[in-house]
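Report on the following structure.
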Amino acid sequence: MLYGRSAEKTRIDRMLTEATDGHSSALVFRGEPGIGKSTLLEYAREQASRSEVPVLSGVGVEAEIELPYGALHLILRPALGDLDAVPAPQADALRGAFGLAGSRAADRFLVGLATLTLLAEHAGGGPLLCLIDDAQWLDHSSLSAMCFAARRLGAEGIVMLFAARADDTALPAFGLPEMEVGGLGREESLAFLDEFVPGLAPQLQDRIVAETAGNPLALRELPAALTPEQRAGWLAPEASPAGDNPVPSRVQETYQARVRALPDTTRYLLLVLATEDTGELTVVLDAARRLGAGIPDLERAEADNLVDVVGARLMFRHPLIRSATHHAASAAQRLAVHRALAETFEAASAADRAAWHRAAASTEPDEAVASALERSAEHARSRGGYAAVAAAYQRAAELTPDPAQRVRRLASAARAAADAGRPDRAAKLADLAEPDAAAPRVLADLVQVRSAIAHEQDRPHLAVELAWAASAIAEDDPGLAAVMLLDAVTAAWASANHADVAAVARLAAVPSPDPFLARTSAAIVHLTTGGLKHGVPYLRELLAEFAHNPGRSIWQRSSIQWWFHWLADPDAGYEEAAALERECRAQGAIGLLPRALMYLARAELIRGRLRAARSAADEGLRIAQDTDQPHFAGHLSGLLACVAAIVGDGELTRPLAGEILDEGLTERGVECLYALNILDLGSGRHESVLERLDRLGVGPAREVAMGHFASLPDYVEAAARAGAPELAAEASATYGEWAEATERPWAMAVALRCRAILADGDDARELYEAAAELHARDGQPFERARTELLFGSWLRRRLFRNDARPHLRVAHEIFDQLGAAEWLRRTAAELRAAGEASETPERGPDVLDRLTPQELQVARLAADGLSNRDIAAQLFLSPRTVGYHLYKAYPKLGVTSRHELARMDLG
Numbered sequence: 001m002l003y004g005r006s007a008e009k010t011r012i013d014r015m016l017t018e019a020t021d022g023h024s025s026a027l028v029f030r031g032e033p034g035i036g037k038s039t040l041l042e043y044a045r046e047q048a049s050r051s052e053v054p055v056l057s058g059v060g061v062e063a064e065i066e067l068p069y070g071a072l073h074l075i076l077r078p079a080l081g082d083l084d085a086v087p088a089p090q091a092d093a094l095r096g097a098f099g100l101a102g103s104r105a106a107d108r109f110l111v112g113l114a115t116l117t118l119l120a121e122h123a124g125g126g127p128l129l130c131l132i133d134d135a136q137w138l139d140h141s142s143l144s145a146m147c148f149a150a151r152r153l154g155a156e157g158i159v160m161l162f163a164a165r166a167d168d169t170a171l172p173a174f175g176l177p178e179m180e181v182g183g184l185g186r187e188e189s190l191a192f193l194d195e196f197v198p199g200l201a202p203q204l205q206d207r208i209v210a211e212t213a214g215n216p217l218a219l220r221e222l223p224a225a226l227t228p229e230q231r232a233g234w235l236a237p238e239a240s241p242a243g244d245n246p247v248p249s250r251v252q253e254t255y256q257a258r259v260r261a262l263p264d265t266t267r268y269l270l271l272v273l274a275t276e277d278t279g280e281l282t283v284v285l286d287a288a289r290r291l292g293a294g295i296p297d298l299e300r301a302e303a304d305n306l307v308d309v310v311g312a313r314l315m316f317r318h319p320l321i322r323s324a325t326h327h328a329a330s331a332a333q334r335l336a337v338h339r340a341l342a343e344t345f346e347a348a349s350a351a352d353r354a355a356w357h358r359a360a361a362s363t364e365p366d367e368a369v370a371s372a373l374e375r376s377a378e379h380a381r382s383r384g385g386y387a388a389v390a391a392a393y394q395r396a397a398e399l400t401p402d403p404a405q406r407v408r409r410l411a412s413a414a415r416a417a418a419d420a421g422r423p424d425r426a427a428k429l430a431d432l433a434e435p436d437a438a439a440p441r442v443l444a445d446l447v448q449v450r451s452a453i454a455h456e457q458d459r460p461h462l463a464v465e466l467a468w469a470a471s472a473i474a475e476d477d478p479g480l481a482a483v484m485l486l487d488a489v490t491a492a493w494a495s496a497n498h499a500d501v502a503a504v505a506r507l508a509a510v511p512s513p514d515p516f517l518a519r520t521s522a523a524i525v526h527l528t529t530g531g532l533k534h535g536v537p538y539l540r541e542l543l544a545e546f547a548h549n550p551g552r553s554i555w556q557r558s559s560i561q562w563w564f565h566w567l568a569d570p571d572a573g574y575e576e577a578a579a580l581e582r583e584c585r586a587q588g589a590i591g592l593l594p595r596a597l598m599y600l601a602r603a604e605l606i607r608g609r610l611r612a613a614r615s616a617a618d619e620g621l622r623i624a625q626d627t628d629q630p631h632f633a634g635h636l637s638g639l640l641a642c643v644a645a646i647v648g649d650g651e652l653t654r655p656l657a658g659e660i661l662d663e664g665l666t667e668r669g670v671e672c673l674y675a676l677n678i679l680d681l682g683s684g685r686h687e688s689v690l691e692r693l694d695r696l697g698v699g700p701a702r703e704v705a706m707g708h709f710a711s712l713p714d715y716v717e718a719a720a721r722a723g724a725p726e727l728a729a730e731a732s733a734t735y736g737e738w739a740e741a742t743e744r745p746w747a748m749a750v751a752l753r754c755r756a757i758l759a760d761g762d763d764a765r766e767l768y769e770a771a772a773e774l775h776a777r778d779g780q781p782f783e784r785a786r787t788e789l790l791f792g793s794w795l796r797r798r799l800f801r802n803d804a805r806p807h808l809r810v811a812h813e814i815f816d817q818l819g820a821a822e823w824l825r826r827t828a829a830e831l832r833a834a835g836e837a838s839e840t841p842e843r844g845p846d847v848l849d850r851l852t853p854q855e856l857q858v859a860r861l862a863a864d865g866l867s868n869r870d871i872a873a874q875l876f877l878s879p880r881t882v883g884y885h886l887y888k889a890y891p892k893l894g895v896t897s898r899h900e901l902a903r904m905d906l907g
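Numbering (UniProt numbering), first residue to last: 1 to 907.
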């Protein structure tokens, strides 16, 4: 019987009921040991069984916390029969994670997606319950995969319940909803005592309830220390049955006393189980026999209610008994148990487990043990378990007698921690390695790790260190040196630090087996130091060369996407970004997809396709957050802010953009800056724009250094309108130099607009007319509409009303098509002031505006003839979630079938 817990039971019941209707959900139960978290999971299991809902479950095992994907394999093992129904890249990722023959190393993000897809397939159209107990002890790879799946649940009908200790710090970073589990109330506690500890005197019951704070395990176990006379109330306890320690500690002390009272051989058997608590009965008994223990000791432990045998597994009745067993043992006993387990696993050819137990039994450096751990690390790498790689290399380093080898292993641990998405741990490991690092390759590894962390945290300040490290290894490893140099040049560019760029440029002559990388570095140096006339054409030549080399990897293709922004070519940028997006989806490269979607959204934004830009940025942001990529999440938030700003949604723009710009202007903040500028310029708040740009240090030099020019025209317009034309002139000249180098009509048109703003009389009119003519030849509708509005307004103020109206009508039509509400109102006011006889009709609401970005994305793919399963594979969703989005989209669009959907213009 489950006492109390009405809120928790109601939550579980609601989640299971909603699952039968196709709604998925996840929840983490948190609480101290013994509080009843596992009991709540069992309640959920019983409720599911009553409704014949299938259940998958797993328990975190502390002894396996460094074995990659071990817990995930156990949880998903009953579902592996459905693996053939999972898209091939995802299925291969799971096979790789589980070490199945012939599979490549697993991508950690794709493993998480494959986990969700497999769960959905195993559900088979009905509900499914997944229970994970002691989640704080899941290996990091398994925990990441399960939480990734939990975050992306949609309409699969899956319920995922986790139980974790209150003081655990791993789960909060994964962003799942939580419910704190507290102690039982007084009445429930008394009822609990009456059932499990009958015969206690009333005054003693009250005392125990108060001192245990309603912890069910404490209520059950602490009275065991009392004599029959004390339980009956004839004698008062000599000391409090609970004491002053935290409740779990008091229960553990009670268990320790029981363990210490056992024979030595029985204690050894329990210590073997506590040390290798996977509970494999044959393993425990084999190691125990090496220490003189055997079946009689197992029977004694069972009789004392300390362990249970469940099938082929031996289990403690509660995790606190395991802790008590450890605390009751001496250091010598613990070392002996590790040696016995190492011998057991060596005999069974379980090299990884044996290596860890040999390491735990070692009290001084031992190269043989360290080498075995290094082999274990590389085995974990082959399965994509980078957190386990880091742990194995770190422990190997601790056991390494040779200082140079020790530093090398620490550097390998730091790199693996960074690959596992654990930057804080990577930085600490790099700190340990750096003081003794001398070998150029090791130094290069450490600098690369620090640079990757700094870039992800938007602190790209290690450019010079990267360049020095690249030059140091150029002779031995020119390929790596060239890659590092390109990273160095890019970091210098992103930092907007001319001193860094100059220093990197001096080190740029690193020989490379790939001349393309070296020439790319040279082009960026040219661009960043202001050599736009030479740098931009050079970049254009490189891009043409790249396009004729189909052998470039998907990573290399993603790394050159920003070139299209430098070249002001959004159409070509769109084609390349769309191709990269398709390839990422086809290969299951979910970790790279946010970058591809960022470039796609940026190209769509410039092309004036705001709905498509929002859809790409929205999906990219969700995936970037799910895959813990804050750098790209910042860019994607900025692009969503740009879309919101253009349509005049200040309530969405300011929160999206403001938080990132509060940190100052960094590379990922440029879109946010542009968004806030557009929002304020649309409402005529020129002083706000100028104040913001000055406060953030934006100017021609900063913009060129960062490779972003979008804010320079805003700077020109704001400064001129605020009465500071001298500030605007330099920005106009710099933007003009870049625009001329790109040879793109729309960019040159904006440059002419900037000059027109600063000119007078006929000169201004000629410049505006030339700008309007160029705009008519090229895309970028939003910038065209801005130019037409400024020109029309200029003509109207000089009483050329008839000439003003055609330009204002063009601006009005474009702003109306874009849904740019504030800009549309400004333009309508100008038209009225120019003598427009009647109100210019505005576009009515678009039916597509009723759809969420994801509904629109699904509808478009369905209209193209893709099945739900195909759409799911493309969008990294489950087929049932795809069906749910279509179910929601059909009535909004007024259709009832895919056939009708295919006839619609979905943009």
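For every residue, glycine included, the Cβ atom is placed at its ideal position computed from N, Cα and C.
Residue i: which of the options sits nearest, CA to CA?
i	options	result
residue 37	613, 112, 388, 215	215
residue 44	107, 135, 846, 131	131
residue 613	537, 685, 597, 382	597
residue 190	182, 54, 4, 269	4
residue 139	591, 62, 100	62
residue 306	603, 734, 262	262
residue 732	755, 744, 749	755
Buried or exposed: which applies to residue i, given that a residue is buried once 16 or more other Cβ atoms fall within 10 Å of its Cβ?
i	result
residue 715	buried
residue 901	buried
residue 203	exposed
residue 242	The predicted position of residue 242 is uncertain, since its pLDDT is 47 and thus under 50; a value taken from the coordinates is nonetheless stated next. Counting Cβ neighbours within 10 Å, residue 242 comes out buried, since at least 16 surround it.
residue 534	exposed
residue 858	buried
residue 957	With the chain covering 1 to 907 only, the question about residue 957 has no answer from this structure.
residue 400	buried
residue 7	exposed
residue 885	buried
residue 906	buried
residue 555	exposed
residue 465	buried
residue 686	buried
Pull up the distance between the alpha-carbon of residue i and that of residue j, whole angstroms please.
i	j	result
residue 394	residue 30	30 Å
residue 18	residue 311	34 Å
residue 158	residue 878	11 Å
residue 777	residue 746	8 Å
residue 579	residue 821	33 Å
residue 690	residue 807	27 Å
residue 417	residue 411	10 Å
residue 152	residue 626	8 Å
residue 358	residue 288	16 Å
residue 76	residue 389	22 Å
residue 443	residue 414	12 Å
residue 543	residue 563	8 Å
residue 13	residue 22	14 Å
residue 339	residue 89	41 Å
Mind checking who residue i pairs with in its DSSP beta bridge?
i	result
residue 165	31
residue 2	DSSP output for residue 2 lists no bridge partner at all.
residue 26	160
residue 313	280, 310
residue 913	Since the first and last residues shown for the chain are 1 and 907, residue 913 lies out of range.
Since I believe residue j is in contact with residue i (beta carbons under 8 Å), could you give me their beta-carbon distance rounded to a whole number of angstroms?
i	j	result
residue 853	residue 615	4 Å
residue 621	residue 640	7 Å
residue 337	residue 275	5 Å
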